[in-house]
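Novice: Under the numbering used here, think of the first position of the sequence shown as 340, with each following residue one higher.
Glycine included, each C-beta is placed from N, C-alpha and C at the ideal position.
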Amino acid sequence: MSKKDLLRGFSPSIDYRSMLLFISVGLLIIGLTLWNWHYDIRPRLINEAESNARVLAASHARAIESQFQNVSGNTDISLIHNSINEMLLINDPGTRETLYRGIALEVDYDVFPADYDMVNIDVGDTNCSECIISENPIFIHRTGELAAILKVWANPVFYQRLVDDIIDNLALLLLGVVVVLVLAWMTSNRLLYNLREREKSLTVEVAERKAVEDRLQQIATYDQLTNLPNRYLLQADLKRKLQETARNKKMLATLFFDIDHFKEINDIHGHEAGDIMLREAAQRVSDITRNYDLLARFGGDEFVMIMSNVTNRSDVIYVAEKIISSFNRPFELPDAEATVSTSIGISVYPEDGDDPSELLKNADLAMYRAKADGRNGYQFFNAEMNLELQYSQWVETNLREALNNDGLELHFQPQVNLDTGKIESCEALIRWPQGNGDQINPVDFIRIAERTGLINELSTWVLNETCRQVNKWTDRGYKTVRVDINLSSKDFSDKGVLYNFLQTLRRHNLQPHQIGVEITENILLESTDQVIKALSVLHNAGVHISIDDFGTGFSSLNYLKQLPLSGIKIDQSFVHEAPSNKDDLIIIQAITLVGHGFGLDVVAEGVETEWHESLCKGVGCNTMQGNYVSEPLSARRFAKQFLKKS
């Protein structure tokens, strides 16, 4: 769910439910107040007003009554008349309103002997419907007889004043109630809004944190380029699948494979094209993978497939062949098409290991055997490979120690001009002597050094030791010859030995023509513009550059045309068999012809007999090298036997 979707339910708005609740409460309070006013307060106000009016009228009646006590038959009753008339003039001190609207006096003639017209009085408004009417009896004290009845029509100012006061207070009360309700609603609504905002914030925060956790989990367990499980998830899933396979008593196969010559894709087409190829390769193999199997990217161009529930090896072979076939189609890159192959190593549980690390290690070793067998194929792990792995690990450990403790040495084999018989150069060959007098085969430990990454250190040691030995011969008065050293394809990496070659010579005070470089034909496949430029710099500086073991690799006349070379060396396998094998003789003749056609010196390796010498000289080779001249010698023996004093 997106953040926008989360916020959709939390848009700030009026809480109509709470507002309706408070309006209902307010209306209920107002209704109860009005009901109470009509049925309780108002009647009590009327009673109180009437009571007040009667009390006031009674007080005035008592004043008039006192005047009745002295009335006789002939008494002037004008005082009574005046008092009654003056009552109409009495005003409310607060409002200045007249308190009485009308007054009537009805006299009992039997008690009060006087003229009717003079005694009975009807003054003011006695038809006032809203007035408060009170009847006040007037007695003769000495006899106790009822003398008259004083009727008073009181102005409802008594009632109105009370009503106004109550209404004002009631209005203030209701206003207060409304204000309190509004404030209470606003406060509660604000509180609810804040609670919802907090709830929204927490929801978004939790959702964002969950999204981050999911993303981190995805990054931690999946490869970001191919979206395949990465090495971490592979290890965990492989461990789980091994447990399931052990319970089911079946087989589990680990297929370890990579893209052959993938480095050339990156070097020639760029890393972006390499990424495209990796994604496409992952997709092609994913289409082959069964639902209950696992395909993961192990790193770089390496992939691992875990096949569980395997009943026999033919199932694994079928999948391996399908993987290999999936690489037959060209890969569409941004600027070109590229066709590559894959090599697969296979280890099987339980015979090849019972834990993830061992199965992966053995499958990896089997993959390298598949590459050694020509690539574009598969290889099952076997015990021989395990022995080879142990030997490889021993070589790696002890070779590193030998590099650090001067356990290596150089031997030198002369190269003789076939026309003059003079030594023109020699080849520096690395040797690794053991304490018992044996030698480790250089082919073996150089191959292992290339695979383990020690080759750059080894080549650097060879270059520096060669320079040191040349200076040592010079210091001892010998006239030196050019010494050629062998460089591996790994030495062509950025900031490798090849790119530091001239700086090393200058550091040892040597000239470029004193040290030559021999490269193998396999390097021709890696001849990018950068490599060609580096070789051109060495060639232009005067370094002798030749191709070693020519004819056994990926020979191409186009490479000979592009590369800045000084010579080629015919592989000894052709020289050995040339006297008895017509095909090998033809190859030597062709190589010599091609070399001379490009203006290159041609060196014949493996010359061991006089017959070999005659044959190589007859086909036009310039130089020979082999045990017929001399086996590789230590620096001291080589100088004593082949170098002259200057």
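I need the straight-line Cα distance from Lys549 to Thr542, nearest angstrom please.
Specialist: Each residue's alpha carbon lies about 10 Å from the other.
Novice: Provide the residue span of the alpha helix (DSSP H) that contains Glu949, from first to last.
Specialist: Here the alpha helix (DSSP H) through Glu949 covers 949 to 958.
Novice: Since Asp823 contacts Ser764 with CB under 8 Å, what's their CB separation in whole angstroms?
Specialist: At roughly 6 Å, the Cβ-Cβ gap stays under 8 Å, so Asp823 and Ser764 are in contact.
Novice: Mapping DSSP to helix, strand and coil, what is Pro781?
Specialist: Looking at Pro781 - three-state DSSP - the assignment turns out to be helix.
Novice: Please classify Val519 as buried or exposed, where buried requires at least 16 other C-beta atoms within 10 Å of its C-beta.
Specialist: Its Cβ having fewer than 16 others within 10 Å, Val519 is exposed.
Novice: Leaving out the 5 sequence neighbours to the left and right, which residues in its chain are closer than 7 Å to Leu837 when beta-carbon positions are compared?
Specialist: For Leu837, where only same-chain residues beyond five positions count, the Cβ hits under 7 Å are Leu826, Asp830, Phe831, Ala873.
Novice: From Asp614 to Phe666, what does the alpha carbon distance come to, in whole angstroms?
Specialist: Cα-Cα distance, rounded: 16 Å.
Novice: Where does Lys710 land, buried or exposed, given buried means 16+ other C-beta within 10 angstroms?
Specialist: Buried, since its Cβ has 16 or more Cβ neighbours within 10 Å.
Novice: Can you tell me whether Gln869 is buried or exposed, with buried defined as 16 or more other CB within 10 angstroms of its CB?
Specialist: So Gln869 ends up on the exposed side.
Novice: DSSP puts Val687 in a beta bridge; with which residues?
Specialist: Beta-bridge pairing links Val687 to Ala592.
Novice: Around the Cβ of Phe937, are there at least 16 other Cβ atoms within 10 angstroms (buried) or fewer (exposed)?
Specialist: Result: exposed.
Novice: Just mark Leu573 as buried or exposed, buried being the case when its beta carbon has 16 or more other beta carbons within 10 Å.
Specialist: Per the 10 Å Cβ criterion, buried.
Novice: When the Cα atoms are used, what is the spatial distance from Leu954 to Gly774?
Specialist: Computed Cα separation, rounded: 40 Å.
Novice: Since Met724 contacts Phe595 with CB under 8 Å, what's their CB separation in whole angstroms?
Specialist: The pair is not a contact, with the Cβ atoms about 12 Å apart (cut-off 8 Å).
Novice: Once the 5 residues before and after Lys578 are set aside, which same chain residues still bring their CB inside 7 Å of it?
Specialist: If we look at Lys578 and ignore the five residues flanking it on each side, its Cβ neighbours are Pro695.
Novice: Taking contact to mean at least 3 C-beta pairs separated by less than 8 Å, is the region 554 to 574 in contact with the region 635 to 642?
Specialist: They touch, by the three-pair rule.
Novice: Just how far apart, CA to CA, sit Ala400 and Pro382?
Specialist: Their Cα atoms are separated by approximately 26 Å.
Novice: Decide if Met551 is buried, meaning its Cβ has at least 16 other Cβ atoms within 10 Å, or exposed.
Specialist: The sequence shown places Val at residue 551, rather than the Met named in the question. So Val551 ends up on the exposed side.
Novice: Rounded to whole angstroms, what's the CA-CA distance from Val968 to Thr759? Just pull it up for me.
Specialist: Val968 and Thr759: Cα-Cα distance of roughly 14 Å.
Novice: Would you report the Cα separation of Arg1027 and Thr560, rounded to the nearest angstrom?
Specialist: Here the chain comprises residues numbered 340 to 985, so residue 1027 is not present and cannot be evaluated.
Novice: Which residue from Ile909, Ile460, His935, Thr948 puts its Cα closest to that of Pro918?
Specialist: Of the candidates Ile909, Ile460, His935, Thr948, the one whose C-alpha sits nearest the C-alpha of Pro918 is Thr948.
Novice: Which first and last residues belong to the beta strand (DSSP E) in which Leu444 is found?
Specialist: Leu444 -> beta strand (DSSP E) spans 439 to 446.
Novice: In terms of residue numbering, what span does the beta strand (DSSP E) encompassing Leu768 cover?
Specialist: Per DSSP, Leu768 belongs to the beta strand (DSSP E) from 762 to 770.
Novice: What does Gly463 pair with, by DSSP beta-bridge criteria?
Specialist: Gly441.
Novice: Are the CB atoms of Ile663 and Gly716 nearer to each other than 9 Å?
Specialist: Yes, they are a contact pair.
Novice: Going along the chain, which unbroken runs of the alpha helix (DSSP H) with 4 or more residues stay wholly within the region 676 to 721?
Specialist: Fully enclosed alpha helix (DSSP H) runs of 4 or longer: 695 to 711.
Novice: Ordered along the chain, which non-local residues of its own chain (more than five positions away) have a Cβ less than 7 Å from that of Ala659?
Specialist: Leu594, Ile683, Ile685, Tyr717.
Novice: Verify whether the separation of the beta carbon atoms of Leu972 and Gln622 is less than 9 Å.
Specialist: Cβ atoms of Leu972 and Gln622: not closer than 9 Å.
Novice: If you draw a straight line from the alpha carbon of Asp703 to that of His600, how long is it in whole angstroms?
Specialist: The alpha-carbon atoms of Asp703 and His600 are separated by roughly 16 Å.
Novice: Taking the CB atoms as reference points, tell me whether Ile871 and Phe889 lie closer together than 9 Å.
Specialist: The answer is no: Cβ separation not under 9 Å.
Novice: Could you tell me whether the region 785 to 796 touches the region 737 to 744, using the rule of 3 or more Cβ pairs below 8 Å?
Specialist: Verdict: yes, contact present.
Novice: Straight-line CA distance for Glu1019 to Asp691?
Specialist: The chain is shown from 340 up to 985; residue 1019 falls before or after that span and cannot be answered.
Novice: Helix, strand or coil: which one does DSSP assign to Ala487?
Specialist: It is a strand residue.
Novice: Could you check whether the Cβ of Arg739 sits closer than 8 Å to any heavy atom belonging to the ligand HEM?
Specialist: With respect to small molecules bound, the structure shown includes none, and the ligand HEM cannot be examined in it.
Novice: Find the nearest neighbour of Leu757 within the set Glu944, Lys490, Ala929, Ile884, judged by alpha-carbon distance.
Specialist: Among Glu944, Lys490, Ala929, Ile884, the Cα nearest to that of Leu757 is on Glu944.
Novice: If you draw a straight line from the C-alpha of Gln582 to the C-alpha of Ser647, how long is it?
Specialist: Approximately 11 Å, taken between the alpha carbons.
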